[in-house]
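Everything below concerns the one structure shown next.
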Amino acid sequence: MSEIIGYILICIGLAFDFFGVLGLVRLPDVYNRLQAATKCVTFGTAGILAGVFVMEGYSSMGLKPIICIIFILLTAPVSAHAIARAAHRAKIKLTDKTIVDKYEEDKELY
Amino acid sequence: MKLETKSRIAVFIISFIAYFVITQIGKFDWQELIVGIIISLITTIVTGDILIKTERKFKFSRILYTILYIFQLLWEIIKANIHVAYLVLHPKLPIKPGIVKIRTDLKKDSSLTMLANSITLTPGTLTIDVNKEEGVLYVHWIDIKSIDIDKATDIIGGRFEKTIKEIFE
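Order-wise, the sequence lines are chains A and B. Residue 74 in our numbering sits at position 74 of the first sequence, with consecutive numbering throughout. With positions in the second sequence counted from 1, the corresponding number in our numbering is that position plus 1000.
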């Protein structure tokens, strides 16, 4: 039973990883791509790790994924934020569909 | 007890538990245990004083709010993923991106970090920068609903700000 649940979780994780990669290809600029990459890849990888945990149970191999999930949830948003800020400071243009850029207007702040 | 000592003890316990869970579950070995204690001590000496910065009293409601926050965050993460999947699979890419400004009342580094991380993991938003003095966050929004600062604050930050305030401040 736990094996079936584990496989289902791993499949869900893989599906969301796939959507994240698809977003990386289809969306227009750095910032939008980061959105897809951060959200879907975080959740997808967490799903795969949770599946491994369900299949292995409370053993030495089963608890490592839990630690990995905590670290991924804490660090992935930070790295995305760092990349986005660095991209904006390096004057990488936003896509043409962009409506507003308040960060550009307050540029004297940095 | 001094604050720095408390912080060092907390760091030691956390790093030792992390080491213990990674290496020791299922088998027990004195060598590994001693190496774990030595490594935790090194971690404590090098980075021990940065975990806790301000003193707070223990409150039971904080634990309840932490549990509430975890479930809230999980729900928002699932919604965010379905939202991105919808955007990516839609043939016309219905996006309306831009960078908006939102206000926040949070003052401490830890709570601002948690708010920024939560915003990044929730539907359609990605924190780009924080201005701590003015209490302003710059957020990239993939599907803008409002440019107005108050409305944007309500939609983006309002979900988490109250819970995080209860937990960290």
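Beta carbons: idealized from backbone N, C-alpha and C, even for Gly. Quick caveat, the model's predicted, so the values are computed rather than measured.
A straight line joining the alpha-carbon of Thr-1005/B with that of Asp-1049/B spans about 8 Å. The Cβ of Tyr-1069/B sits no closer than 8 Å to any Cβ of chain A.
Counting C-beta atoms within 10 angstroms of its own C-beta, Lys-39/A has 16 or more neighbours from the protein chains shown and is therefore classed as buried. Contacts between Ile-1014/B and chain A, judged by CB atoms closer than 7 Å, are missing: the closest CB pair is about 11 Å apart. Under the three-state reduction of DSSP output, Tyr-58/A falls in the coil class, being neither helix nor strand. Within its own chain, the residues whose Cβ lies closer than 6 Å to the Cβ of Pro-1123/B, once the five positions on either side in sequence are excluded, are Lys-1079, Ala-1080 and His-1083, listed in chain order. Judged by DSSP in its simplified three-state form, Val-1139/B adopts strand.
Separation of Thr-45/A and Gly-13/A (C-alpha to C-alpha, rounded to the nearest whole angstrom) is 6 Å.
Those residues of the region 1079 to 1099 of chain B placed with their C-beta closer than 7 Å to a C-beta in chain A are Ala-1080, Asn-1081, Val-1084, Ala-1085, Val-1088, Leu-1093, Ile-1095, Lys-1096, Pro-1097, Gly-1098 and Ile-1099, ordered along the chain. For Gly-23/A, a Cβ of chain B is located within less than 8 Å of the residue's own Cβ.
Around the beta carbon of Lys-1101/B, a 10 Å sphere encloses 16 or more other beta carbons of the protein chains shown; the residue is thus reported as buried. Interface residue (Cβ-Cβ distance to chain A less than 8 Å): Thr-1163/B is not classified as such. When the beta-carbon positions are compared, Arg-85/A and Asp-1129/B come within less than 8 Å of each other.
Cβ contact annotation for Glu-1161/B (same chain, cutoff 8 Å, sequence separation greater than five): Thr-1104, Asp-1105, Leu-1106 and Leu-1115, in chain order. Per DSSP, Lys-1101/B is one residue of the beta strand (DSSP E) stretching across 1098 to 1103. A distance of 8 Å or more separates the beta carbons of Phe-1012/B and Gly-1036/B.
With fewer than three CB-CB distances shorter than 8 Å, the region 19 to 32 of chain A does not count as touching the region 52 to 69 of chain A. If you draw a 10 Å sphere on the C-beta of Gln-35/A, you find 16 or more other C-beta atoms in it, and that means buried.
With 16 or more other CB atoms across the displayed protein chains lying within 10 angstroms of its CB, Leu-94/A is buried.
The distance from the Cβ of Lys-1096/B to that of Ile-1144/B is about 5 Å, consistent with a contact at the 8 Å cut-off.
Listed in chain order, the non-local C-beta contacts of Gly-47/A below 6 Å within the same chain comprise Leu-9, Ile-12 and Gly-13, local neighbours out to five positions each way being set aside. Residue state for Val-1130/B is assigned as strand, using DSSP reduced to three classes.
When Cβ-Cβ separations below 8 Å define contact, Val-1021/B makes contact with chain A. DSSP, reduced to helix, strand and coil, places Thr-1043/B within a helical segment of the structure shown.
Residue state for Asp-1029/B is assigned as coil, using DSSP reduced to three classes.
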